[in-house]
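Asks: Would you mind keeping the following structure in view while I ask a few things?
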Amino acid sequence: DLDVLETNLSVEQTALQAQKQQQERTAATVTGQMFLESQELLRLFGIPYIEAPMEAEAQCAVLDLTDQTSGTITDDSDIWLFGGRHVYKNFFNQSKYVEYYQYVDFQNQLGLDRNKLINLAYLLGSDYTEGIPNVGYVTAMEILNEFPGRGLEPLLKLMEWWAEAQKNKKIRPNPYDTKVKKKLRHIEIAAGFPNLSVAEAYLHPVVDESKASFAWGRPNVEQIREFCQSHFGWTKLKIDEVLFPVLKQLDIQQTQLRIDSFFRLAQHEKQAIKSQRVRRAVTCMRRKEKEEDDSEVREATAVLEKESKQKKGQAFNKGRAGCQKRGSKRKKCLPSQQQSVRCSGFVGEVLLSEASSESSAGDLENEASRKHRKGENAKMLETNMASHNTSLEVASAQSEARSSSSSAEEEMQMVTARPVFEGKKARGKTLRRRWKK
7 DLDVLETNLS VEQTALQAQK QQQERTAATV TGQMFLESQE LLRLFGIPYI EAPMEAEAQC
67 AVLDLTDQTS GTITDDSDIW LFGGRHVYKN FFNQSKYVEY YQYVDFQNQL GLDRNKLINL
127 AYLLGSDYTE GIPNVGYVTA MEILNEFPGR GLEPLLKLME WWAEAQKNKK IRPNPYDTKV
187 KKKLRHIEIA AGFPNLSVAE AYLHPVVDES KASFAWGRPN VEQIREFCQS HFGWTKLKID
247 EVLFPVLKQL DIQQTQLRID SFFRLAQHEK QAIKSQRVRR AVTCMRRKEK EEDDSEVREA
307 TAVLEKESKQ KKGQAFNKGR AGCQKRGSKR KKCLPSQQQS VRCSGFVGEV LLSEASSESS
367 AGDLENEASR KHRKGENAKM LETNMASHNT SLEVASAQSE ARSSSSSAEE EMQMVTARPV
427 FEGKKARGKT LRRRWKK
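In this text, residue positions in the sequence shown follow the numbering used here: the first is 7, and each later residue adds one.
In structure tokens, the structure reads:
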């Protein structure tokens, strides 16, 4: 009798313990005992885990951003505010399908980046802020469109406008206010909105930034059975029914799989925004962002062009100063007197001056040869004019020869006169007559 009574009491105790543990699991708050039991069960299955110093969603978001995980299994929308990129929802809800979301879809379809999502959390409420009463997601999108800007600038503009509107509430409202602003006059915003520490907590959370690789292990079947018997009150038969299919599947798959390998991933097409107000707000918000980006590009281009012109001007001034220095050095080496040649028989006179333009530094031999050729040309011209006794009124300036290294132009003074070659034509006729004779 005592043995039977002891057995019955043991069974009843196991049932009560299992019932108690089930109630604790379904409780609203998670106890420290549940944390320890979860960590123990993960260790028995060989699944690695880390303890987040603060928010679990923040730690999971960092692991997702650093490509250490395939995503985050959660139903908490704060995961996006911490920077999550891939989220699996309804994973443990047997009555619903698992839903997969990507951060890039928010950007492409709704024009929402991480900062705008944080602004929505300010307006709608989250774990860190209560939000604004009577503001839903449609009105929140309209607010972001009505007060554009980067970071918390839209919320600061909203607060500034709302405070001014409350001062002038009894006065006639501004006739140029949009429908959104007319509606926002009646909302109530708490003092100190927006709290900057909320955005700081989302953008710079306290996390474990270690990038060490995870070490996976094999399940320990015997210890798993003991754990299930002591904590769940399961029999050995039930444990084997649940555990063996998992172990069999694990033996088949030798490589580490992605999380989406365990369920069918349906390809969802881009869906249209149902709300007309949200669609209008998204369209206007994107247009404003594009105009702002184009304006920034134009300003940056103008600044670059201005800097380029300044650099070119500085380079030109430096080159000009260098040329002046070289010219001054050359003038010190050359004689300062100018040679002139007067030709008889001219009404005017020809002044053949030395070159005053710049040449390459140190080219004195070329300068001397130019002077020599200039004198010979002047003597030849004087001899030809004297032999024909023509009353020419021409003063032609001969261009000086340029050396291969010289880049300057020679100065030349010209006086109009009668053609020089009239005498040569007459001489040609005389020669032809003599030849005929």
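Built from N, CA and C at the ideal position, the CB exists for glycine as well.
Everything numeric in this text was worked out from a predicted model, so none of it was measured.
1. Would you check if the distance between the CB atom of Y94 and the CB atom of V104 is smaller than 8 angstroms?
2. I need the DSSP call for V93, collapsed to helix, strand or coil.
3. Can you tell me whether E57 is helix, strand or coil according to DSSP?
4. Any heavy atom of the ligand MG within a distance shorter than 7 angstroms of the CB on L256?
5. Going by beta carbon distance, what residues of the same chain come within less than 7 angstroms of A24, once the five residues before and after it are set aside?
6. Following the continuous alpha helix (DSSP H) through Q172, name the residue where it begins and the one where it ends.
7. Going by other Cβ atoms of all chains shown within 10 Å of its Cβ, with 16 needed for buried, is Q65 buried or exposed?
8. Compute the beta-carbon to beta-carbon distance between V227 and L256, rounded to the nearest angstrom, for a pair I have assumed lies under 8 angstroms.
9. Select from N14, L11, L8 and Q19 the residue whose C-alpha is nearest the C-alpha of Q235.
10. If you draw a straight line from the alpha carbon of V10 to that of I245, how long is it in whole angstroms?
11. Quick one: Cα of W168 to Cα of Y182, how far?
12. I need the boundaries of the beta strand (DSSP E) containing E105, first residue and last residue.
13. Out of N140, V141 and I124, point me to the one whose CA is closest to D133's CA.
14. Do the segment 192–205 and the segment 75–84 make contact, defined as three or more Cβ pairs closer than 8 angstroms?
15. Just to confirm the assignment, what range does the alpha helix (DSSP H) spanning V252 have?
16. Can you give me the Cβ contacts of K443 inside the same chain, cut-off strictly under 6 angstroms, excluding the 5 residues immediately before and after it?
17. By DSSP, does G85 sit in helix, in strand, or in coil?
18. If you count every other CB in all the chains shown that lies within 10 Å of the CB of A221, and 16 or more means buried, which is it?
Replies: In terms of the structure at hand:
1. Residue numbering aside, residue 94 sits at position 88 when the sequence shown is read from its first letter. Residue numbering aside, residue 104 sits at position 98 when the sequence shown is read from its first letter. Yes, they are a contact pair.
2. Locating residue 93 in the sequence shown gives position 87, counting from the first residue. Reduced to three states, the DSSP call for V93 is strand.
3. By 1-based counting over the sequence shown, the position of residue 57 is 51. It is coil, neither helix nor strand.
4. As for the ligand MG, it is missing from this structure, which has no ligand bound.
5. In the sequence shown, residue 24 corresponds to position 18, counting from 1. Counting only Cβ-Cβ distances below 7 angstroms, and skipping sequence neighbours, we find F238 and G239.
6. Working through the sequence shown from its first residue, we reach residue 172 at position 166. From DSSP, the alpha helix (DSSP H) with Q172 extends over E159 to K173.
7. To locate residue 65, count along the sequence shown from 1; it is residue 59. Flag for Q65 reads buried.
8. Working through the sequence shown from its first residue, we reach residue 227 at position 221. Working through the sequence shown from its first residue, we reach residue 256 at position 250. The C-beta distance from V227 to L256 rounds to 11 angstroms, too long to meet the 8 angstroms contact threshold.
9. Here the question's residue 235 lines up with position 229 in the sequence shown. Nearest C-alpha to Q235: Q19.
10. Position 4 of the sequence shown, counting from 1, holds the residue named residue 10. Position 239 of the sequence shown, counting from 1, holds the residue named residue 245. So the two alpha carbons sit approximately 26 angstroms from each other.
11. The sequence position of residue 168 within the sequence shown is 162, counting from 1. The sequence position of residue 182 within the sequence shown is 176, counting from 1. Roughly 15 angstroms separates the two Cα atoms.
12. As a first step, residue 105 must be located in the sequence shown, where it is residue number 99. Residues E105 to Q108.
13. Residue mapping note: residue 133 aligns to position 127 of the sequence shown, counting from 1. Selected option, being the one with the closest Cα: I124.
14. no
15. Along the sequence shown, read from residue 1 onward, the residue named residue 252 stands at position 246. Looking at the DSSP string, the run of the alpha helix (DSSP H) that includes V252 is K242 to I258.
16. Residue 443 sits at position 437 when you count from the first residue of the sequence shown. With a pLDDT of 43 at K443, under the threshold of 50, the modelled position of that residue is not reliable, and no figure is offered here.
17. The residue labelled residue 85 in the question sits at position 79 within the sequence shown. The sequence given here has Ile at residue 85, not Gly. Note: I85 maps to helix in three-state DSSP.
18. For the purposes of this step, residue 221 is taken as the residue at position 215 of the sequence shown. Around the beta carbon of A221, a 10 Å sphere encloses fewer than 16 other beta carbons of the protein chains shown; the residue is thus reported as exposed.
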